[in-house]
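S.K.:
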Amino acid sequence: MTLSHEPPTAPSVSLRVIPKTSVSNMGSSRFSPLGRKPQPIRIAGTDCLIRPQASLASLTSFRVGGPAELYLAPRTTEDLQAGLNWAKERGLPITLVGAGSNLLVSDRGLPGLVVCTRHLKHIAFDDATGQLTAAAGDQIARLAWQAAERGWTGLEWAVGIPGTVGGAVVMNAGAHQACTAELLVNAHVLAIDGSVEVLMPQALNFGYRTSALQGLAHTASPEAIRLVSQATLQLQPGADPQQVMANTTAHLNQRRDSQPYHLPSCGSVFRNPKSYKAGWLIEQSGLKGHQIGGAQIAQRHANFILNCGGATAADIFQLIRLVQEEVEKKWSLLLEPEVKMLGEFQMV
Ligand SMILES: Cc1cc2nc3c(=O)[nH]c(=O)nc-3n(C[C@H](O)[C@H](O)[C@H](O)COP(=O)(O)OP(=O)(O)OC[C@H]3O[C@@H](n4cnc5c(N)ncnc54)[C@H](O)[C@@H]3O)c2cc1C
1 MTLSHEPPTA PSVSLRVIPK TSVSNMGSSR FSPLGRKPQP IRIAGTDCLI
51 RPQASLASLT SFRVGGPAEL YLAPRTTEDL QAGLNWAKER GLPITLVGAG
101 SNLLVSDRGL PGLVVCTRHL KHIAFDDATG QLTAAAGDQI ARLAWQAAER
151 GWTGLEWAVG IPGTVGGAVV MNAGAHQACT AELLVNAHVL AIDGSVEVLM
201 PQALNFGYRT SALQGLAHTA SPEAIRLVSQ ATLQLQPGAD PQQVMANTTA
251 HLNQRRDSQP YHLPSCGSVF RNPKSYKAGW LIEQSGLKGH QIGGAQIAQR
301 HANFILNCGG ATAADIFQLI RLVQEEVEKK WSLLLEPEVK MLGEFQMV
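So, in structure tokens, the structure goes:
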């Protein structure tokens, strides 16, 4: 497999920047008449419940953001499909969310249906092939521990990444010079009509923290949506479980020593440009510890923005813009956000 480590030229953000005076109706559900607490909607003939005006702040690692106009967290593929059909019939925009560990959701919330995959779980280890198959919502870090307990190597690097399998494929999550694309055998990719394509890594155009699926996870056109429903990874069985557990623990400890895990964040905010670490550029620009509202550039790792308590998505957005401006002034380099910014953000 050949992997391009070139950052994409198009911005990775899916945000709408609005002028200061614009008014948004995103926070008010078209399904809840004024003054009435919105009731869950049950899709006829299914157990599938759609919740209007569901908070997204508790579903993202930044702990900020407004509500989803409509929210679904299916436990079965049948309920998932019923929810997707329901949104399609109504022409609603759809946003896919995994563990929310790489998302900055606007304080105004998100329009349409937000589908969260975190309850879609199924793990299978195939001893004959050394392949591990997991559903969209399985935690990649949990897979790393389970593989280690069996003496399977290959996934030790993933232990500190708080995302799902679906999110890891879409983001090409990675650490310690390894990444998801290098292990991926195939991903099952679901379209809104219920068809599933089994895609090999070559079809997913993987690069550094990017894949061809990134533009298809939050879109105004429900037909365009593509959901990673499961992935198969190639690992190497046969090692000493104690040794693999020790290596996995060492990876976790190394991360805890160098990264601030004690406060809400999204991990690294910016992709590393070709020849520098983004954190180093931010630090050299004098921005370590800089704070806007409740959001702060971490002292321990300048590529992390922390929610120190009471931060809004707008605080974090302004800090991201400030970092971009200051780094560009000093280094003539535009840092590209790795975090996915969803919804409307206001320039000040
Ligand atoms: C403390 C901390 C440390 C981190 N360290 C790392 C690190 O070392 N390396 C690294 O790569 N990342 C790191 N991250 C970022 C993040 O964990 C990864 O990007 C992760 O892969 C995101 O997975 P998720 O399930 O949370 O996806 P989300 O954040 O929910 O979504 C990310 C993107 O994927 C889409 N998406 C999610 N699930 C699906 C699906 N099933 N089908 C289609 N689209 C989907 C979303 O729409 C969005 O565009 C870190 C984050 C934190 C908070």
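Residue numbers are given in the numbering used here: position 192 of the sequence shown equals residue 192, and the series is strictly consecutive.
C-beta atoms are modelled at their ideal positions from N, C-alpha and C, and glycine is treated no differently.
All of these numbers come straight from a predicted model, not from anything done at the bench.
1. Which residues does DSSP pair with Q296 in a beta bridge?
2. Rounded to whole angstroms, what is the Cα-Cα separation between T219 and I292?
3. Quick one: what does DSSP say G207 is sitting in, helix, strand or coil?
4. Could you tell me whether the Cβ atoms of Q230 and H188 are closer together than 9 Å?
5. Put I41 into one of helix, strand or coil per three-state DSSP.
6. DSSP on H262, reduced to helix/strand/coil?
7. For I94, does the three-state DSSP call read helix, strand or coil?
8. Near L70, which residues of its chain fall below 6 Å by C-beta distance, leaving aside the five closest residues on each side in sequence?
9. So for P237, helix, strand or coil by DSSP?
10. On the CB-based measure, 16 or more other CB atoms within 10 Å of its CB, does E78 come out buried or exposed?
11. Can S58 be considered in contact with ligand 1, in the sense that its beta carbon sits closer than 8 Å to one or more heavy atoms?
12. Could you tell me which residues DSSP pairs with P111 in its beta bridges?
13. Closest to G83 by CA distance: which of G45, N303, A135 and R63 is it?
14. In whole angstroms, give me the CA-to-CA distance for A158 and V196.
15. Taking Cβ positions, are F345 and A314 nearer each other than 9 Å?
16. Taking the Cβ atom as the reference point for each residue, do P260 and A298 lie within a distance shorter than 9 Å?
17. Please list, in chain order, all residues of the same chain as A239 whose beta carbon is under 6 Å from its beta carbon, the five residues on each side excluded.
18. Taking 9 Å as the threshold (C-beta atoms), are L110 and P74 in contact?
19. Mapping DSSP to helix, strand and coil, what is G194?
20. Please report whether the beta-carbon of I161 lies at a distance below 9 Å from any beta-carbon of chain D.
21. Tell me which residue opens and which closes the alpha helix (DSSP H) that R150 is part of.
22. Given A168, which residues of its chain have a CB within under 6 Å of its CB, disregarding the five upstream and five downstream residues?
23. Our contact map puts K340 next to L103 with C-beta atoms below 8 Å; I'd like the distance itself, whole angstroms only.
24. My output table needs one value for S268: the three-state DSSP class, helix, strand or coil.
25. Please confirm whether L96 and I192 have their CB atoms less than 9 Å apart.
26. Candidates N186, T164 and E156: which alpha carbon is nearest H176's?
27. Hey, would you say the C-beta of A250 is under 8 Å away from at least one heavy atom of ligand 1?
28. Please report the residue range of the beta strand (DSSP E) in which L72 lies.
29. Would you grab the beta carbon distance between V115 and L72 for me? Rounded to a whole angstrom, and I think it's under 8 Å.
30. Over the uninterrupted alpha helix (DSSP H) stretch that includes L183, give me the two end residues.
31. What are the partner residues of R226, as DSSP defines its beta bridges?
32. Taking the alpha carbon of E89 as the point to measure from, which residue in E182, T129, I43 and G174 has its own alpha carbon closest?
33. Buried or exposed: which applies to E223, given that a residue is buried once 16 or more other Cβ atoms fall within 10 Å of its Cβ?
34. Between T248 and Q202, what straight-line distance do the alpha-carbon atoms span, to the nearest angstrom?
M.R.: Looking at the coordinates:
1. Within the sequence shown, the letter at position 296 stands for residue 296. According to DSSP, which records beta bridges pairwise, Q296 is partnered with Q291 and L306.
2. Your numbering for residue 219 matches position 219 in the sequence shown. Your numbering for residue 292 matches position 292 in the sequence shown. Taking the straight line joining both Cα atoms gives about 30 Å.
3. Within the sequence shown, residue 207 is the residue found at index 207, counting from 1. G207 falls in the strand class under three-state DSSP.
4. Taking the sequence shown and counting its residues from 1, the one referred to as residue 230 is at position 230. Taking the sequence shown and counting its residues from 1, the one referred to as residue 188 is at position 188. Yes. Within cutoff.
5. Along the sequence shown, one-based indexing puts residue 41 at 41. In the structure shown, I41 sits in a strand (DSSP, three-state: E or B).
6. Residue mapping note: residue 262 aligns to position 262 of the sequence shown, counting from 1. Here H262 sits in coil by DSSP.
7. Along the sequence shown, one-based indexing puts residue 94 at 94. The answer is strand: DSSP assigns I94 an E or B state.
8. Within the sequence shown, numbered from 1, the residue matching residue 70 stands at position 70. Once the five neighbours on either side are set aside, the close Cβ partners of L70 are I50, P52 and L113.
9. As a working mapping, residue 237 is identified with position 237 in the sequence shown. In the structure shown, P237 sits in coil (DSSP, three-state: anything other than H, G, I, E or B).
10. Taking the first residue of the sequence shown as position 1, residue 78 is located at position 78. With fewer than 16 other Cβ atoms within 10 Å, it is exposed.
11. Stepping through the sequence shown from its first residue, residue 58 is reached at position 58. Result no, Cβ not under 8 Å from ligand 1.
12. Residue numbering aside, residue 111 sits at position 111 when the sequence shown is read from its first letter. According to DSSP, which records beta bridges pairwise, P111 is partnered with nothing at all.
13. One-based indexing of the sequence shown puts residue 83 at position 83. Ranking G45, N303, A135 and R63 by Cα distance to G83 puts G45 first.
14. Counted from its first residue, the sequence shown places residue 158 at position 158. Counted from its first residue, the sequence shown places residue 196 at position 196. Cα-Cα distance, rounded: 26 Å.
15. Position 345 of the sequence shown holds residue 345. Position 314 of the sequence shown holds residue 314. Result yes, Cβ atoms of F345 and A314 sit closer than 9 Å.
16. The sequence position of residue 260 within the sequence shown is 260, counting from 1. The sequence position of residue 298 within the sequence shown is 298, counting from 1. In this structure, A298 lies closer than 9 Å to P260 by Cβ.
17. Position 239 of the sequence shown, counted from the first residue, corresponds to residue 239. For A239, where only same-chain residues beyond five positions count, the Cβ hits under 6 Å are G151 and T153.
18. Translated into the one-based positions of the sequence shown, residue 74 becomes position 74. Translated into the one-based positions of the sequence shown, residue 110 becomes position 110. Against a cut-off of 9 Å, the Cβ pair of L110 and P74 comes out as no contact.
19. Taking the sequence shown and counting its residues from 1, the one referred to as residue 194 is at position 194. Coil at G194, not helix or strand.
20. Here there is only one protein chain, and chain D is not present.
21. On the sequence shown, position 150 is the one that residue 150 refers to. Where R150 is concerned, the enclosing alpha helix (DSSP H) stretches over I140 to R150.
22. Position 168 of the sequence shown holds residue 168. Taken in chain order, the residues that qualify are I140 and T180.
23. Position 340 of the sequence shown holds residue 340. Position 103 of the sequence shown holds residue 103. That pair is a contact at about 5 Å.
24. The count along the sequence shown starts at 1 and reaches residue 268 at position 268. In this structure, S268 counts as strand in the three-state DSSP scheme.
25. The count along the sequence shown starts at 1 and reaches residue 96 at position 96. The count along the sequence shown starts at 1 and reaches residue 192 at position 192. No, these two residues do not count as a Cβ contact at 9 Å.
26. Taking the sequence shown and counting its residues from 1, one reaches residue 176 at position 176. Minimum Cα distance to H176 is reached at E156.
27. Position 250 of the sequence shown, counting from 1, holds the residue named residue 250. For ligand 1, not one heavy atom lies less than 8 Å from the Cβ of A250.
28. By 1-based counting over the sequence shown, the position of residue 72 is 72. Element bounds for L72: P67 to L72.
29. Along the sequence shown, one-based indexing puts residue 115 at 115. Along the sequence shown, one-based indexing puts residue 72 at 72. Their Cβ separation, rounded to whole angstroms, is 5 Å, which keeps V115 and L72 in contact under 8 Å.
30. Looking up residue 183 in the sequence shown gives position 183. Per DSSP, L183 belongs to the alpha helix (DSSP H) from T180 to L183.
31. Position 226 of the sequence shown, counted from the start, is the residue given in the question as residue 226. Beta-bridge pairing links R226 to A191.
32. For this step, residue 89 is matched to residue 89 along the sequence shown. Out of E182, T129, I43 and G174, I43 has the C-alpha closest to the C-alpha of E89.
33. For this step, residue 223 is matched to residue 223 along the sequence shown. Per the 10 Å Cβ criterion, exposed.
34. In the sequence shown, residue 248 corresponds to position 248, counting from 1. In the sequence shown, residue 202 corresponds to position 202, counting from 1. Their backbone Cα atoms lie some 28 Å apart in a straight line.
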